[in-house]
Amino acid sequence: MEFEIQLTPLALEMFANIKDKRHQKALSSKIDKLKIEPEKQGKPLTGQLINYRSVRAVGQRYRIIYQVEKDKVVVLVVGVGLRKEGDKGDIYHLLQKLL
């Protein structure tokens, strides 16, 4: 079964703010791969992001945060950004504040 991919306005904004077109292309490809068995990709998150999953992209630097909605056959991408542990710009830190 193939899932439909949807990006939230926040995810679209985060994606648009990535200046390097090569990174955008790699992220787009990784997001597209979530159509097939998204619950088997990435890892489940914990804490405030417990209902979400994270998959690495662009040489482990970026994270794509998404939620699988099985009843709607939708993968909802809620955030795309750099993993910078301990930094205010870290993708996990940003999403904990915004979701």
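Numbering that gives the first Met the number 0 numbers the first residue of the sequence shown as 0 and each following residue consecutively.
Beta carbons are placed, not taken as given, at the ideal position from N, Cα and C, and that holds for glycine.
Stretch-stretch touch, CB-based, cutoff 8 Å, three pairs: the segment 57-65 with the segment 78-91: yes
Identity of the residues DSSP links to Q66 by a beta bridge: L75
Determine the contact status of F2 and L44, defining contact as a CB-CB distance below 8 Å. no
Can you name the start and end residues of the beta strand (DSSP E) that R55 belongs to? R52 to A56
I49 classed as buried or exposed, judged by whether at least 16 other C-beta atoms fall within 10 angstroms: exposed
Please go through the same chain and pick out, in chain order, the residues whose beta-carbon is closer than 6 Å to the beta-carbon of L6, but skip the five residues on each side of it. V76
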